[in-house]
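Worksheet: one structure, shown below.
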Amino acid sequence: MTMTHTPQSSGGDVRLSQISKTYGSFTAVHPLDLTVPAGSFFALLGASGCGKTTTLRMIAGLEDPTTGTVELSGEDVTALPPYKRQVNTVFQNYALFPHLDIYENVAFGLRRRGVKSVKKQVEEMLDLVQLGPMARRKPQQLSGGQQQRVAVARALINHPQVLLLDEPLGALDLKLRRQMQLELKRIQTEVGITFVHVTHDQEEAMTMADTVAVMNGGRVEQLGAPADLYENPATTFVANFLGTSNLIEAEVVEAGGEDLLLRAAGTKLRLPAARCSASAAAGDKVLAGVRPEKMALAHADDAASVTDGHNRLPGRIKDASFIGVSTQYVIEAPGAGEISVYEQNITRDGRLIPGAEVVVHWNPAHTFGLDAAQSLLAGKTGAAGADLDEEAA
Amino acid sequence: MTATEAPAPPESDATEPPALRRTPTRKRLVPYWLLLPGILWLLVFFAAPLVYQASTSLQTGSLEEGFKVTWHLATYWDALGEYWPQFVRSMGYAGIATALCLLLGYPLAYLIAFKAGRWRNVVMMLVIAPFFTSFLIRTLAWKTILADGGPVVGALNSLHILDVTSALGITEGHRVLATPLAVVCGLTYNFLPFMILPLYTSLERIDPRLHEAAGDLYARPVTTFRRVTFPLSMPGVVAGTLLTFIPAAGDYINAELLGSTDQKMIGNVIQSQFLRVLDYPTAAALSFILMAAILAMVTIYIRKSGTEDLV
């Protein structure tokens, strides 16, 4: 787990123990244990309705957990109302006070805690988010990006132990969102406060967070550093929700060595035993996963030139779309279904057009193994699935 | 109105035959056509009677000899000199009733807007339900409720509350009817929905997340109300108090049915001047004085509450 350590680290850690939330017969969050280390940038990632916002609201005190406890810096705050917790929230759509100007919005928390002279702090905070000249405007006179920065300033000025961000960038357009992602990351490194960020955008979570918890159906599917989650997804949901994965149904033929030998699509594949999260005795079914960018294509005529020891799958190009930096192919591989391959546009082989017979090949080290007892399609309905559809089209 | 000045899209100007070129002009006139029925209505039923009343107030004479416009402005002074206690009383009763409506109506409107959930429409219906009966019948019903031998007076008596209210001068002896209390109660009851509806409308527009945000920023529930909810509901408060105060100040039914001669409001005076004494100039002058007084008070009120742009 990577952690950004800053000298003036002032954040607190968050510890959720067996926390859950049910509404009537619907369970929004299943009993959940989660520790967010002090000073880290933590993202809760999942599709809408996965329980991430409910979890965040339970940390803020806006929702009472059905079971379990919330601890902030070692102190049990489960029973405390929001106004007694040292956490602040950046709300989705910001929830700025429309009757107060920007200055008073930012000063709100300080005034409620009886701080006498707020001027210096408010001005400093407005400078930090580059809104100094806007101090006397009303929220509705500001653009979405500016309102978002006011919401961050209004929360940060209170020096909370933990800053909670509920889809703070959801209402912004793509370009502004990218810019604000970097901005938030900069502010977080600067102030050293623990950030817990809720988002459905996997790219946003991976860009910003030190640690990402992928949630699905009220449970945490997997937790780890972005690169770790991406390279070693533990479930098909994570494999499909974070980026795109090719999942191939396979059967273990030989186990015991450094690599497992699998049979799939009428051919043999190798999978490093250490990268297989499922039990893998001979005869077990597993899913062999590979990221599309880890794969390469060779025309069937050049099959002999494929590096020795690479996994290979024969197939036919079904679709090819050129998107600048890469070309994305959809390969129809008998027995393995459709395989996505992203080829960097370095040297383009003119024969790789739809209908061409090809060999898909990749270094076995890039293969990961998953338990075959789960849906191949889990997580595809989310943002990643939509991306896939767009790219394939 | 600005929409009428917007130029027509250039391409339509260029491609359309000359016969249709007049469309922009016609479009410009549409808002005025739409205004016409309302303006006509106001001219016939508001402006004309107003002018007629104004001229009546400046006439002298009697029913037998006929009235003539003599620009007798002294009518105003005489009317004010004679009936100022009823003016003051009207403003007082209306003011107290408005304050009571606000005190009773705000919590109810708040409840409907934020806590009623799926009962919202049912409670709203209950608020409006009295309108299904006529104003007069409802006020008469209060006469029964507050009757001397009735359960309300009985209960208030046995609790010795009427002793206290009599000492304060708002009731007399052991009865409620024919006292200021009865009139104010009637006014409060009758105009309460006019307070609740605008309050509800403005409270309902407040994003509940603002409450959460205030709580998140260390505001206790009471502070959240004082700093966020109440300021944001000011348009409703202003609209509600105006909708209550203005008709209450001119009302005469409640004083007529629930009060005695000692609770006569200015509305009663105007009514009797018009219909019994048949002194039309004085009645018209009193009407104008009432209108001017209300206008002045409302103007000051709106200025003070600083919500000109919100109303």
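One line per chain: the protein sequences are P and L, in this order. Sequence positions in the first sequence follow full-length UniProt numbering and run 1 to 393. Sequence positions in the second sequence follow full-length UniProt numbering and run 1 to 311. Beta carbons: idealized from backbone N, C-alpha and C, even for Gly. Remember, predicted model here, so these are calculated numbers, not experimental data.
Work out the CA separation of P/Glu-63 and L/Arg-175 for me, nearest whole Å.
Going from the Cα of L/Arg-175 to the Cα of P/Glu-63 covers about 52 Å.
Compare the C-beta of P/Ala-171 with all C-beta atoms of chain L and state if any pair is closer than 8 Å.
Chain L contact via Cβ: absent.
Residue 394 of chain P at chain L interface by Cβ criterion, 8 Å:
In the structure displayed, chain P extends from 1 to 393; residue 394 of chain P sits before or after that span and is not available.
Tell me whether P/Leu-377 sits in a helix, a strand or coil according to DSSP, three-state version.
Residue state for P/Leu-377 is assigned as coil, using DSSP reduced to three classes.
Three CB pairs or more closer than 8 Å across the stretch 160-179 of chain L and the stretch 81-90 of chain L
No: the two stretches stay apart, fewer than three of their Cβ pairs being nearer than 8 Å.
Under 8 Å Cβ to Cβ from P/Ala-282, same chain only, skipping five residues before and after it: list those, please.
Excluding residues within five positions, the ones whose Cβ falls inside 8 Å are Val-252, Val-253, Glu-254 and Ala-255.
When the distance is taken between beta carbons, is P/Glu-338 closer than 8 Å to P/Ile-346?
At the C-beta level, P/Ile-346 and P/Glu-338 stay beyond 8 Å of one another.
Range covered by the alpha helix (DSSP H) that runs through L/Gly-154
Its alpha helix (DSSP H) spans residues 151-158.
Compare the C-beta of P/Phe-91 with all C-beta atoms of chain L and state if any pair is closer than 8 Å.
It does; some Cβ of chain L falls within 8 Å.
Quick check: the stretch 221-235 of chain L against the stretch 275-284 of chain L, are at least 3 beta-carbon pairs closer than 8 Å?
The stretch 275-284 of chain L is not in contact with the stretch 221-235 of chain L.
Amino acids of chain L, ordered along the chain, whose beta-carbon sits closer than 9 Å to that of P/Tyr-83
In chain order: Ala-214, Gly-215, Asp-216, Leu-217, Tyr-218, Ala-219, Arg-220, Pro-221, Thr-223 and Thr-224.
At the level of alpha carbons, what is the spacing between L/Ala-3 and L/Tyr-32?
Note that L/Ala-3 scores 44 on pLDDT, short of 50, meaning its location in the model is unreliable; the coordinates nonetheless yield the value given after this. Going by C-alpha positions, L/Ala-3 is about 13 Å away from L/Tyr-32.
Continuous alpha helix (DSSP H) stretch holding L/Trp-71: start and end:
From DSSP, L/Trp-71 is part of no alpha helix (DSSP H); its letter is neither H nor E.
6 Å Cβ shell around P/Gly-335 - same chain, five flanking residues per side excluded
Cβ contact annotation for P/Gly-335 (same chain, cutoff 6 Å, sequence separation greater than five): Ala-265 and Gly-266, in chain order.
Buried versus exposed, by CB contacts within 10 Å (16 or more), P/Glu-390:
In this prediction, P/Glu-390 has a pLDDT of 35, which is less than 50 and means its spatial position is unreliable; what the coordinates show is noted afterwards. Exposure of P/Glu-390 is indicated by the presence of fewer than 16 other C-beta atoms within 10 angstroms of its C-beta.
Do you know how far the Cα of P/Gly-24 is from the Cα of P/Leu-58?
One point to set straight first is that residue 58 of chain P is Met, not Leu, in the sequence displayed. Straight-line Cα distance between these residues: approximately 17 Å.
Buried or exposed by the 16-neighbour rule on C-beta atoms within 10 Å, applied to P/Ala-383
Low local confidence applies: a pLDDT of 41 at P/Ala-383 is under 50, so the model's placement there is unreliable, with the coordinate-based value given in what follows. So P/Ala-383 counts as buried.
So what's L/Thr-179 in DSSP terms, helix, strand or just coil?
DSSP, reduced to helix, strand and coil, places L/Thr-179 outside both helices and strands of the structure shown, so it counts as coil.
On a Cα-Cα basis, can you pick out the residue from P/Gly-114, P/Asp-173, P/Lys-185 and P/Gln-86 that is closest to P/Val-129?
Looking from the CA of P/Val-129, the closest CA among P/Gly-114, P/Asp-173, P/Lys-185 and P/Gln-86 belongs to P/Lys-185.
Proximal residues to P/Ala-209 (C-beta, below 7 Å), its chain only, five neighbours per side dropped
If we look at P/Ala-209 and ignore the five residues flanking it on each side, its Cβ neighbours are Phe-41, Phe-42, Ala-43, His-197 and Pro-226.
Helix, strand or coil for L/Cys-101? Go by DSSP, reduced to three states.
In this structure, DSSP gives L/Cys-101 a helical state, which the three-state scheme calls helix.
Contact residues within the stretch 193-210 of chain P, judged by C-beta distance below 8 Å to chain L
Contact annotation: in the stretch 193-210 of chain P, no residue has its CB less than 8 Å from a CB in chain L.
List, in chain order, every chain P residue whose beta-carbon is nearer than 7 Å to that of L/Val-228.
Here the neighbours are Phe-97.
Quick check: is the beta carbon of L/Arg-209 nearer than 8 Å to any beta carbon in chain P?
Yes, because at least one Cβ of chain P sits closer than 8 Å to the Cβ of L/Arg-209.
Mind listing which residues of the stretch 106-122 of chain P have their C-beta closer than 7 Å to chain L's C-betas, in chain order?
Those residues of the stretch 106-122 of chain P that come within reach of chain L (Cβ to Cβ, closer than 7 Å) are Phe-108, Gly-109, Arg-112 and Arg-113.
L/Thr-224 beta carbon less than 8 Å from that of L/Ala-214
Using a Cβ distance threshold of 8 Å, L/Ala-214 and L/Thr-224 count as a contacting pair.
Cβ neighbours of L/Ala-8 in the same chain (closer than 6 Å, five flanking residues each side left out)
With a pLDDT of 46 at L/Ala-8, under the threshold of 50, the predicted position of this residue should be treated as unreliable, and no value is reported.
Counting only beta-carbon separations shorter than 8 Å, does P/Leu-165 have a partner in chain L?
Any Cβ of chain L closer than 8 Å to the Cβ of P/Leu-165 would place that residue at the interface, and such an atom is absent.
Given 8 Å as the limit, is there contact between the stretch 102-119 of chain L and the stretch 191-199 of chain L, that is, 3 or more CB pairs closer than that?
Verdict: yes, contact present.
Please report the distance separating the alpha-carbon of P/Thr-67 from that of P/Gln-18.
Whole-angstrom Cα-Cα distance: 7 Å.
Give a yes or no on whether the minimum CB-CB distance between P/Ala-60 and chain L is below 8 Å.
Output row for P/Ala-60: interface = yes.
Using a Cβ-Cβ distance cut-off of 8 Å, determine whether L/Pro-235 contacts chain P.
By this cut-off, L/Pro-235 is not an interface position.
Tell me whether P/Ser-20 is buried or exposed, calling it buried when 16 or more other Cβ atoms sit within 10 Å of its Cβ.
Residue environment analysis places P/Ser-20 among the buried positions, since at least 16 neighbouring C-beta atoms fall within 10 angstroms of its C-beta.
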